[in-house]
Amino acid sequence: MATFVKILIGSILVAYLAMKWTAPSFDPESLKGARVLVTGASSGIGEQMAYHYARFGAQIVITARREKVLQQVAEKCLSLGAQKALHIAADMANESDPERVVDFALEKLGGLDYLVLNHIGPTTFGMWEGDVEHTRWLMKVNFFSYIQMAWRALPSLEQSKGSLVVVSSVLGKMTNPFTLPYSSTKFALSGFFGSLYHELAMKKSNVSISVCTLGLIDTDSAMDKVRGITKVPAYPATEAALNIIIAGATRQLDLYYPWFTQVITLIKDWSPSLTNYIIQNSYSYIP
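As C-alpha coordinates, then:
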(Lines of atoms letter the chains of each structure in order from A and count residues from 1; the text may use other names and numbers.)
(Lines give C-alpha, C1' and ligand atoms only; values in the text may rest on other atoms or scores of the structure.)
Protein backbone atom coordinates (compact mmCIF):
# COMPACT_ATOMS: atom_id res chain seq x y z
CA MET A 1 0.00 0.00 0.00
CA ALA A 2 2.80 2.40 0.91
CA THR A 3 4.55 1.72 -2.42
CA PHE A 4 1.33 2.34 -4.33
CA VAL A 5 0.79 5.67 -2.56
CA LYS A 6 4.36 6.76 -3.34
CA ILE A 7 3.98 5.86 -7.01
CA LEU A 8 0.61 7.61 -7.13
CA ILE A 9 1.93 10.82 -5.58
CA GLY A 10 5.03 10.72 -7.81
CA SER A 11 2.89 10.36 -10.93
CA ILE A 12 0.69 13.27 -9.87
CA LEU A 13 3.74 15.45 -9.23
CA VAL A 14 5.16 14.68 -12.68
CA ALA A 15 1.82 15.49 -14.31
CA TYR A 16 1.56 18.70 -12.29
CA LEU A 17 5.05 19.87 -13.28
CA ALA A 18 4.34 19.08 -16.93
CA MET A 19 1.15 21.11 -16.75
CA LYS A 20 2.94 24.07 -15.16
CA TRP A 21 5.74 23.88 -17.73
CA THR A 22 3.29 24.14 -20.63
CA ALA A 23 1.03 26.77 -18.99
CA PRO A 24 0.77 30.16 -20.75
CA SER A 25 3.20 32.79 -19.47
CA PHE A 26 1.94 35.83 -17.60
CA ASP A 27 2.58 39.28 -19.07
CA PRO A 28 2.15 41.97 -16.38
CA GLU A 29 1.74 44.61 -19.11
CA SER A 30 -1.53 42.94 -20.15
CA LEU A 31 -3.13 44.32 -16.97
CA LYS A 32 -2.08 47.93 -17.51
CA GLY A 33 -5.30 49.88 -17.94
CA ALA A 34 -7.43 46.74 -17.47
CA ARG A 35 -10.90 47.43 -16.04
CA VAL A 36 -11.35 45.28 -12.94
CA LEU A 37 -14.09 44.75 -10.37
CA VAL A 38 -12.98 42.93 -7.19
CA THR A 39 -15.50 41.93 -4.53
CA GLY A 40 -14.74 41.30 -0.87
CA ALA A 41 -11.87 43.77 -1.18
CA SER A 42 -11.82 45.45 2.25
CA SER A 43 -9.55 42.78 3.76
CA GLY A 44 -7.86 39.44 3.20
CA ILE A 45 -7.35 38.04 -0.27
CA GLY A 46 -9.57 40.64 -1.93
CA GLU A 47 -7.59 43.52 -0.45
CA GLN A 48 -4.34 41.93 -1.60
CA MET A 49 -5.72 41.44 -5.10
CA ALA A 50 -6.63 45.12 -5.24
CA TYR A 51 -3.05 46.06 -4.36
CA HIS A 52 -1.58 43.71 -6.96
CA TYR A 53 -3.88 45.04 -9.68
CA ALA A 54 -2.89 48.57 -8.63
CA ARG A 55 0.82 47.78 -9.02
CA PHE A 56 0.08 46.48 -12.52
CA GLY A 57 -1.57 49.81 -13.38
CA ALA A 58 -5.16 48.58 -13.67
CA GLN A 59 -8.39 50.56 -13.29
CA ILE A 60 -10.13 49.14 -10.24
CA VAL A 61 -13.54 49.15 -8.60
CA ILE A 62 -13.60 47.48 -5.20
CA THR A 63 -16.58 46.55 -3.07
CA ALA A 64 -17.37 45.19 0.39
CA ARG A 65 -19.67 46.21 3.23
CA ARG A 66 -17.37 48.63 5.13
CA GLU A 67 -17.20 51.94 3.26
CA LYS A 68 -14.50 53.60 5.40
CA VAL A 69 -12.17 50.65 5.02
CA LEU A 70 -12.87 50.49 1.29
CA GLN A 71 -11.93 54.16 0.98
CA GLN A 72 -8.59 53.47 2.68
CA VAL A 73 -7.90 50.52 0.36
CA ALA A 74 -8.79 52.60 -2.69
CA GLU A 75 -6.45 55.38 -1.59
CA LYS A 76 -3.60 52.91 -1.15
CA CYS A 77 -4.35 51.46 -4.61
CA LEU A 78 -3.87 54.93 -6.13
CA SER A 79 -0.57 55.34 -4.29
CA LEU A 80 0.60 51.97 -5.66
CA GLY A 81 -0.06 52.95 -9.27
CA ALA A 82 -3.68 52.21 -10.11
CA GLN A 83 -4.96 54.32 -13.00
CA LYS A 84 -8.31 54.50 -11.22
CA ALA A 85 -9.44 53.19 -7.84
CA LEU A 86 -13.11 53.55 -6.98
CA HIS A 87 -15.17 51.93 -4.26
CA ILE A 88 -18.81 51.14 -3.59
CA ALA A 89 -20.17 49.73 -0.35
CA ALA A 90 -22.65 46.88 -0.75
CA ASP A 91 -24.25 44.02 1.15
CA MET A 92 -24.35 40.92 -1.04
CA ALA A 93 -27.22 39.49 1.02
CA ASN A 94 -29.35 42.32 -0.36
CA GLU A 95 -30.93 41.09 -3.59
CA SER A 96 -30.42 44.37 -5.46
CA ASP A 97 -26.83 45.12 -4.40
CA PRO A 98 -24.95 42.60 -6.59
CA GLU A 99 -26.38 44.05 -9.80
CA ARG A 100 -26.01 47.61 -8.48
CA VAL A 101 -22.29 47.05 -7.95
CA VAL A 102 -21.78 45.71 -11.48
CA ASP A 103 -23.74 48.62 -12.96
CA PHE A 104 -21.57 51.06 -10.98
CA ALA A 105 -18.38 49.47 -12.33
CA LEU A 106 -19.68 49.45 -15.89
CA GLU A 107 -20.62 53.10 -15.66
CA LYS A 108 -17.40 54.31 -13.99
CA LEU A 109 -14.98 52.20 -16.02
CA GLY A 110 -16.87 52.06 -19.32
CA GLY A 111 -16.94 48.27 -19.26
CA LEU A 112 -15.16 45.34 -17.60
CA ASP A 113 -12.20 43.19 -18.54
CA TYR A 114 -12.14 41.22 -15.27
CA LEU A 115 -14.87 40.37 -12.80
CA VAL A 116 -13.26 38.84 -9.71
CA LEU A 117 -15.82 37.28 -7.35
CA ASN A 118 -14.23 36.80 -3.96
CA HIS A 119 -16.65 37.88 -1.20
CA ILE A 120 -17.98 35.56 1.52
CA GLY A 121 -20.37 35.97 4.40
CA PRO A 122 -19.35 35.34 8.01
CA THR A 123 -20.04 31.87 9.33
CA THR A 124 -19.12 29.71 12.30
CA PHE A 125 -16.41 27.05 12.43
CA GLY A 126 -17.78 24.16 14.42
CA MET A 127 -20.23 21.29 14.53
CA TRP A 128 -23.45 21.99 12.66
CA GLU A 129 -26.42 22.38 15.00
CA GLY A 130 -29.25 22.54 12.50
CA ASP A 131 -29.29 26.28 11.68
CA VAL A 132 -31.02 26.06 8.30
CA GLU A 133 -31.74 29.79 8.16
CA HIS A 134 -28.06 30.67 8.40
CA THR A 135 -27.26 28.21 5.61
CA ARG A 136 -29.97 29.78 3.46
CA TRP A 137 -28.60 33.29 4.16
CA LEU A 138 -25.02 32.22 3.44
CA MET A 139 -26.09 30.71 0.15
CA LYS A 140 -27.46 34.12 -0.87
CA VAL A 141 -24.14 35.80 -0.13
CA ASN A 142 -21.66 33.14 -1.26
CA PHE A 143 -23.55 31.73 -4.23
CA PHE A 144 -26.62 33.55 -5.54
CA SER A 145 -24.91 36.94 -5.56
CA TYR A 146 -22.07 35.42 -7.61
CA ILE A 147 -24.38 34.23 -10.34
CA GLN A 148 -26.28 37.54 -10.32
CA MET A 149 -23.09 39.51 -10.84
CA ALA A 150 -21.75 37.12 -13.46
CA TRP A 151 -24.94 37.34 -15.51
CA ARG A 152 -25.01 41.14 -15.28
CA ALA A 153 -21.37 41.45 -16.35
CA LEU A 154 -21.33 38.83 -19.13
CA PRO A 155 -22.34 41.16 -22.02
CA SER A 156 -19.50 43.56 -21.19
CA LEU A 157 -17.01 40.72 -20.68
CA GLU A 158 -18.07 39.30 -24.03
CA GLN A 159 -17.30 42.61 -25.75
CA SER A 160 -13.89 42.90 -24.11
CA LYS A 161 -12.95 39.21 -24.44
CA GLY A 162 -12.74 39.36 -20.68
CA SER A 163 -12.36 36.97 -17.79
CA LEU A 164 -14.65 35.85 -15.01
CA VAL A 165 -12.63 34.81 -11.95
CA VAL A 166 -14.35 32.83 -9.18
CA VAL A 167 -12.55 32.41 -5.87
CA SER A 168 -13.56 29.10 -4.34
CA SER A 169 -12.08 26.62 -1.88
CA VAL A 170 -10.85 23.07 -1.53
CA LEU A 171 -13.93 22.78 0.73
CA GLY A 172 -15.95 23.02 -2.49
CA LYS A 173 -14.19 19.95 -3.87
CA MET A 174 -14.11 17.64 -0.86
CA THR A 175 -16.11 17.36 2.34
CA ASN A 176 -14.72 18.42 5.73
CA PRO A 177 -16.12 18.78 9.26
CA PHE A 178 -16.98 22.09 10.94
CA THR A 179 -17.73 23.96 7.68
CA LEU A 180 -21.07 22.58 6.50
CA PRO A 181 -22.83 25.82 5.43
CA TYR A 182 -19.65 27.30 3.91
CA SER A 183 -18.70 24.10 2.13
CA SER A 184 -22.20 23.81 0.66
CA THR A 185 -21.91 27.23 -0.96
CA LYS A 186 -18.50 26.41 -2.43
CA PHE A 187 -19.75 23.11 -3.88
CA ALA A 188 -22.55 25.11 -5.49
CA LEU A 189 -20.02 27.49 -7.07
CA SER A 190 -18.00 24.61 -8.50
CA GLY A 191 -21.08 23.05 -10.03
CA PHE A 192 -22.55 26.24 -11.47
CA PHE A 193 -19.42 27.79 -12.95
CA GLY A 194 -18.08 24.46 -14.13
CA SER A 195 -21.31 23.98 -16.08
CA LEU A 196 -21.32 27.59 -17.30
CA TYR A 197 -17.82 27.05 -18.71
CA HIS A 198 -19.20 24.30 -20.97
CA GLU A 199 -22.11 26.44 -22.15
CA LEU A 200 -19.87 29.40 -22.98
CA ALA A 201 -17.44 27.13 -24.83
CA MET A 202 -20.29 25.58 -26.85
CA LYS A 203 -21.50 29.07 -27.79
CA LYS A 204 -17.95 30.06 -28.87
CA SER A 205 -18.00 32.80 -26.25
CA ASN A 206 -15.09 35.21 -25.81
CA VAL A 207 -15.35 35.01 -22.01
CA SER A 208 -12.99 32.81 -20.01
CA ILE A 209 -13.83 31.36 -16.60
CA SER A 210 -11.21 30.66 -13.94
CA VAL A 211 -12.31 28.76 -10.84
CA CYS A 212 -9.70 29.17 -8.10
CA THR A 213 -9.55 26.42 -5.48
CA LEU A 214 -7.72 27.60 -2.38
CA GLY A 215 -6.49 25.80 0.70
CA LEU A 216 -6.19 27.46 4.08
CA ILE A 217 -5.04 31.07 3.65
CA ASP A 218 -3.64 33.17 6.50
CA THR A 219 -6.31 35.87 6.51
CA ASP A 220 -7.22 37.26 9.93
CA SER A 221 -10.77 35.93 9.75
CA ALA A 222 -9.67 32.41 8.81
CA MET A 223 -6.91 32.20 11.39
CA ASP A 224 -9.17 33.43 14.19
CA LYS A 225 -11.50 30.49 13.49
CA VAL A 226 -9.03 27.65 13.10
CA ARG A 227 -6.28 28.57 15.54
CA GLY A 228 -5.72 25.65 17.91
CA ILE A 229 -8.24 23.47 16.07
CA THR A 230 -6.52 22.38 12.87
CA LYS A 231 -3.03 21.22 12.00
CA VAL A 232 -3.37 22.24 8.35
CA PRO A 233 -0.73 24.82 7.32
CA ALA A 234 -1.88 28.29 6.22
CA TYR A 235 -0.47 30.05 3.16
CA PRO A 236 0.04 33.79 2.54
CA ALA A 237 -2.90 35.83 1.27
CA THR A 238 -0.72 38.06 -0.89
CA GLU A 239 0.69 35.04 -2.76
CA ALA A 240 -2.77 33.50 -3.15
CA ALA A 241 -4.03 36.82 -4.52
CA LEU A 242 -1.25 37.03 -7.10
CA ASN A 243 -1.88 33.45 -8.25
CA ILE A 244 -5.58 34.24 -8.69
CA ILE A 245 -4.77 37.30 -10.80
CA ILE A 246 -2.36 35.35 -12.98
CA ALA A 247 -4.96 32.59 -13.48
CA GLY A 248 -7.46 35.16 -14.75
CA ALA A 249 -4.95 37.00 -16.92
CA THR A 250 -3.73 33.78 -18.57
CA ARG A 251 -7.30 32.47 -18.88
CA GLN A 252 -6.68 29.26 -16.92
CA LEU A 253 -9.78 27.19 -16.29
CA ASP A 254 -8.59 25.93 -12.90
CA LEU A 255 -6.19 27.19 -10.26
CA TYR A 256 -5.20 25.18 -7.20
CA TYR A 257 -3.30 27.03 -4.49
CA PRO A 258 -1.25 25.79 -2.79
CA TRP A 259 -0.38 23.16 -5.39
CA PHE A 260 -1.02 20.14 -3.17
CA THR A 261 -4.73 20.96 -2.91
CA GLN A 262 -5.07 19.45 -6.38
CA VAL A 263 -3.28 16.30 -5.25
CA ILE A 264 -5.62 15.99 -2.28
CA THR A 265 -8.74 16.33 -4.43
CA LEU A 266 -7.46 13.60 -6.76
CA ILE A 267 -6.48 11.20 -4.00
CA LYS A 268 -9.88 11.50 -2.30
CA ASP A 269 -11.51 9.57 -5.17
CA TRP A 270 -8.76 6.98 -5.48
CA SER A 271 -8.31 6.32 -1.78
CA PRO A 272 -11.34 7.60 0.14
CA SER A 273 -10.50 5.71 3.34
CA LEU A 274 -7.04 7.27 3.51
CA THR A 275 -8.43 10.71 2.71
CA ASN A 276 -11.13 10.46 5.38
CA TYR A 277 -8.56 9.36 7.95
CA ILE A 278 -6.29 12.33 7.14
CA ILE A 279 -9.20 14.81 7.24
CA GLN A 280 -10.61 13.62 10.55
CA ASN A 281 -7.16 13.60 12.16
CA SER A 282 -6.30 17.10 10.94
CA TYR A 283 -8.52 18.64 13.63
CA SER A 284 -8.33 18.76 17.40
CA TYR A 285 -11.77 17.68 18.59
CA ILE A 286 -12.88 16.08 21.83
CA PRO A 287 -16.55 14.94 21.92
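Read left to right, the sequence shown gives residues -22 to -1, 1 to 265 (mature numbering (1 follows the signal peptide of the UniProt record, and there is no 0)).
In this text, a Cβ means the ideal position worked out from N, Cα and C, and glycines have one as well.
- The three-state secondary structure of LEU142, taken from DSSP, is strand.
- With contacts defined by Cβ atoms closer than 9 Å, LEU220 and THR163 do not form a contacting pair.
- For MET201, same chain residues with a beta-carbon under 8 Å away, outside a window of 5 residues either side, are ALA212 in chain order.
- Ranking GLU25, GLN230, LYS209 by CA distance to the CA of LEU48 puts GLU25 first.
- Bounds of any alpha helix (DSSP H) do not take in ALA42; it lies within the beta strand (DSSP E) bounded by 37 to 42.
- Look at ASP232 here: in three-state DSSP terms it is strand.
- The three-state secondary structure of VAL110, taken from DSSP, is helix.
- Restricting attention to beta strand (DSSP E) runs no shorter than 3 residues, the region 43 to 71 encloses them at 62 to 67, ordered along the chain.
- Ranking ASP81, MET127, GLU73 by CA distance to the CA of ASN96 puts MET127 first.
- CA-CA distance, GLY193 to TYR235, rounds to 6 Å.
- When the Cα atoms are used, ILE223 and ASP91 turn out to be separated by approximately 12 Å.
- ILE187 carries a strand assignment under DSSP once its states are collapsed to helix, strand and coil.
- As the crow flies, the alpha-carbon of TYR175 is around 15 Å from that of PHE165.
- CA-to-CA, the gap between GLN137 and ARG130 works out to about 13 Å.
- For ILE195, the beta-bridge partners assigned by DSSP are TYR213.
- If you compare the alpha carbons of ILE257, ILE125, ALA227 with that of PRO6, the shortest gap goes to ALA227.
- In the three-state DSSP reduction, ARG13 falls in the strand class (E or B).
- In the three-state reduction of the DSSP assignment, THR208 falls in the strand class.
- Per DSSP, reduced to three states, the secondary structure at LEU95 is strand.
- The continuous alpha helix (DSSP H) containing PRO159 extends over residues 158 to 180.
- Secondary structure of SER8 (DSSP, three-state): helix.
- According to the DSSP assignment, ILE264 belongs to no alpha helix (DSSP H), since it is labelled neither H nor E.
- If you draw a 10 Å sphere on the C-beta of LEU252, you find fewer than 16 other C-beta atoms in it, and that means exposed.
- For ASN254, the enclosing alpha helix (DSSP H) covers residues 250 to 258.
- With contacts defined as CB atoms closer than 9 Å, VAL51 and ALA28 qualify as a contacting pair.
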